[in-house]
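Take a look at the structure below.
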Amino acid sequence: MLMSAARSQLLVIDIQERLLPAMADSAAVLRNAGIVIAAARRLKVPVVLTEQYPKGLGPTVPEIVAAAGEARVFEKLAFSAMRDARTAKALVDRRGSGRPQVVVCGIEAHVCVLQTALDLKERGFDVFVVADAVSSRVRGSHETALQRMAAAGVVAVTAEMVAFEWVEAAGTDDFKAIARLVK
820 MLMSAARSQL LVIDIQERLL PAMADSAAVL RNAGIVIAAA RRLKVPVVLT EQYPKGLGPT
880 VPEIVAAAGE ARVFEKLAFS AMRDARTAKA LVDRRGSGRP QVVVCGIEAH VCVLQTALDL
940 KERGFDVFVV ADAVSSRVRG SHETALQRMA AAGVVAVTAE MVAFEWVEAA GTDDFKAIAR
1000 LVK
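With this note's numbering as the guide, the letters of the sequence shown map in order to residues 820 to 1002.
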């Protein structure tokens, strides 16, 4: 199944000031999450951000906040964003408006991303995890999380896959803008 901008929503999980520096490949996660967020904004895909215990882990990093613009930010204590009533309601409401696909990026792959993706899948969403825009402190945890999500029916994709599936075709202003993002 292809991702569709008209049927998608983007969930950015816990890319926070005190958490990001501890991640393997943190610069790549930041860059690739930025590509997906910019593509979402360009193509009018709704974006939701979560923050895990921001009092302790700090707020979302400034680069992500700037890229996300007016996106809603939900603080949470549960590892799964779907176990936070406000976040779950926002995602479920958008599914009811014709957006059953959730593209997920963020950290940590084996904790909050994994639990959220599995809960989304259980709730009937089509779930895509952006493999190059998620990370864990240890690479093995990242790889194991991707394998476990795949076994549960979550589709692993890359930032470029998301951007170009959402844009659908070359030769448009949207395509030109998206192509500049990935150079």
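Every residue, glycine too, gets a C-beta built ideally from N, C-alpha and C.
- I832 has T869, G925 as its beta-bridge partners, per DSSP.
- Beta-bridge analysis with DSSP links K895 to Q871.
- In the structure shown, D951 adopts extended strand secondary structure according to DSSP, grouped into three states.
- A straight-line Cα-Cα distance of about 8 Å links K940 and A971.
- In the DSSP assignment, A975 falls outside any alpha helix (DSSP H) and lies within the beta strand (DSSP E) extending over 974-976.
- Of A989, C924, G943, the smallest CA-CA separation from R918 is found for G943.
- With 16 or more other CB atoms across the displayed protein chains lying within 10 angstroms of its CB, A859 is buried.
- Distance from I834 to V880 at the Cβ level is roughly 6 Å; contact confirmed, criterion being Cβ atoms closer than 8 Å.
- A check of alpha carbon separations from M822 across S960, H961, G990, V922 identifies V922 as the nearest.
- When the beta-carbon positions are compared, V948 and V973 come within less than 8 Å of each other.
- Taking a cut-off of 8 Å on C-beta distances, the segment 865-879 touches the segment 891-898, as three or more cross pairs fall below it.
- S823 sits in coil when the DSSP states are folded into three classes, being neither helix nor strand.
- In the structure shown, V855 falls within a helical segment according to DSSP collapsed to helix, strand and coil.
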